[in-house]
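Undergrad:
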């Protein structure tokens with residue numbers, strides 16, 4: 001069976017990332033995702049990949065706005081890795097931000 005669905009900010013043709021985060025939000029709000037949930041049910045968790053925890057939606061440095069928008073659009077978690085932190089203090093701060101998703 002299907003255990004999770006991942007929506008991504010990654011361009012699958014170039015493997016570049018959508019730094020605005022709009023691609024994942026668009027996918028979360030898409031008719032295709034609605035159809036997926038209609039067919040497979042709403043119990044399958046939807047995760048987001050690609051610059052989550054780094055993107056700030058408003059351009060004001062606040063990462064929480066993007067995380068909140070993802071949550072409101074139906075994401076229940078994220079896959080993170082690249083660029084988590086340059087040092088221990090950054091890692092701790094970023095993990096606090098991500099834990100709120």
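Numbering (the working numbering), first residue to last: 1 to 101. Idealized CB from N, CA, C, for every residue including glycine. Bear in mind the structure is a predicted one, so any value in this text is a computation, not a measurement.
1) My understanding is that residue 52 touches residue 78, with C-beta atoms under 8 Å, so please give their C-beta distance in whole angstroms.
2) Between the Cα of residue 81 and those of 42, 54 and 30, spot the shortest distance and give me the residue it belongs to.
3) Starting from residue 77, trace the beta strand (DSSP E) both ways and give me its first and last residue.
4) Report the partner residues of residue 7 according to the DSSP bridge assignment.
5) Would you mind reading off the limits of the alpha helix (DSSP H) that contains residue 18?
TA: Answer, in terms of the structure:
1) The residue given as residue 52 occupies position 52 in the chain shown. The residue given as residue 78 occupies position 78 in the chain shown. With a beta-carbon spacing of about 4 Å, residue 52 and residue 78 fall inside the 8 Å limit used to define contacts.
2) In the chain shown, counting from the first residue as 1, residue 81 sits at position 81. Of the candidates 42, 54 and 30, 54 places its Cα closest to the Cα of residue 81.
3) Taking the first residue of the chain shown as 1, we reach residue 77 at position 77. Unbroken beta strand (DSSP E) run through residue 77: 77-79.
4) Stepping through the chain shown from its first residue, residue 7 is reached at position 7. Per DSSP, 48.
5) As a working note, residue 18 is residue 18 in the chain shown. From DSSP, residue 18 is part of no alpha helix (DSSP H); its letter is neither H nor E.
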